[in-house]
Amino acid sequence: TIYLVIAFLALIAHLPTAQLYDRKMNQISSLHHLSRAVSSEFDFEKLVVTIVKLAVQVTEADFSWLELVNPETEKIKLVSFFNLNASEKNRLDPALEDSLQDWLGSHGDTFLSNQVQKSHASKALRNWKRDLNSLLAVSLRTGDKDIGYLYVGKRVEFGFEQDDTDMLREIGRASCRERV
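Numbered by our numbering, the letters in the sequence shown go through residues 3 to 182 in order.
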């Protein structure tokens, strides 16, 4: 009986660890897939869709979008998205996001807000997408120049952890490494 109780407790103690292990393996697999896609995919449209889908998969986000800076005009353009409706896509004005992009430029390459409704930096975004409660954004950089921004969002508050931030940052780095 004592052996069965100890075995049962050991099994219960390892269940969360198994879930974390599966999540890590999924993240590593996704980074490997992205690395292969970046080096072998020559269709720009397919590549940006792959980046957005992998960002959603790795962070378990509800929606995502990718914006790139046009090198000729220096304007930001939405190039790919996941789970945004047509009105949200059309109403997304990159000029409204200037405060968030300024924050990214001055504070580092990552922005995390697990309470978007209370964040000053994401004020314009919360007016644009009302069900956005957690936001994670990374700058896509080559050298010291921002070439774009990758965003993921969740409907729940406190939806992202440090692990999600690290993974999205790596997706951003892998996306820029060989393409620009």
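Glycine residues also receive a C-beta, built at the ideal position from the N, C-alpha and C atoms.
Please read these numbers as outputs of a predicted model, since none were measured by experiment.
Cβ-heavy atom distance, residue i to the ligand ATP, below 7 Å
i      : result
Thr167 : Summarising the ligand content, the structure contains no ligands, and the ligand ATP is consequently not present.
Segment limits, alpha helix (DSSP H) that includes residue i
i     : result
Lys48 : 46 to 61
N- and C-terminal bounds of the beta strand (DSSP E) containing residue i
i      : result
Leu152 : 147 to 156
Val71  : 65 to 71
Cβ pair residue i, residue j closer than 8 Å
i      : j      : result
Asp166 : Thr3   : no
Phe160 : Ser136 : yes
Glu90  : Lys131 : yes
Val71  : Gly150 : yes
Ala57  : Leu152 : yes
Leu86  : Leu114 : no
Leu49  : Trp67  : no
Ala63  : Lys147 : no
Val2   : Phe10  : Given a span of 3 to 182 for the chain in the structure shown, any question on residue 2 remains unanswerable.
Asp111 : Val140 : yes
Leu142 : Val118 : no
Leu170 : Val154 : yes
Beta-bridge pairing of residue i - partner residues as DSSP gives them
i      : result
Phe84  : Ser66
Leu137 : Ser115, Gly155
Thr144 : Lys147
Ile14  : Paired residues: none, contrary to the question.
Ile78  : Val71
Would you call the region 74 to 88 and the region 163 to 178 in contact, with 3 or more CB pairs under 8 Å? no
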